[in-house]
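Position 31 (the sequence shown) corresponds to 88 in our numbering; numbering is contiguous.
I have placed the structure first, in the form of structure tokens, so that the comments after it can refer back to it.
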Amino acid sequence: MLLIPQQHSFRIFTLCIKWQCVRDYSIYLTVFFFLFTMTKRIDIVQTTYEATKQTYPPQRTGIPTSI
58 MLLIPQQHSF
68 RIFTLCIKWQ
78 CVRDYSIYLT
88 VFFFLFTMTK
98 RIDIVQTTYE
108 ATKQTYPPQR
118 TGIPTSI
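Okay, structure coming up:
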């Protein structure tokens, strides 16, 4: 989720009328795509961690003695 203020998005739109917009918008898209893939990777890591935690026998809360 990218939180862009309303004024900022309007400024991007006005920039888009000019030809400079293509370059600026591509930068925005690449940054957004990078953040999106990073969050997806974090989700995958979290789900695999939860799955491995469930397969192992339950341990006390805190740092496990053996890794």
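Where is the CB? At the ideal position from N, CA and C, for every residue including glycine.
Check: Cutting at 8 Å between CB atoms, please list the residues of its own chain near leucine 86, excluding the five before and the five after it.; Outcome: none
Check: Can you give the Cα-Cα distance for valine 102 and phenylalanine 93, rounded to whole angstroms?; Outcome: 14 Å
Check: Just the Cα atoms here: how many angstroms apart are threonine 105 and serine 83?; Outcome: 33 Å
Check: Using the Cβ count rule (16 or more neighbours within 10 Å means buried), how would you classify methionine 58?; Outcome: A caution first: methionine 58 carries a pLDDT of 48, below 50, which makes its placement in the model unreliable, though a value can still be read off. Methionine 58 comes out exposed.
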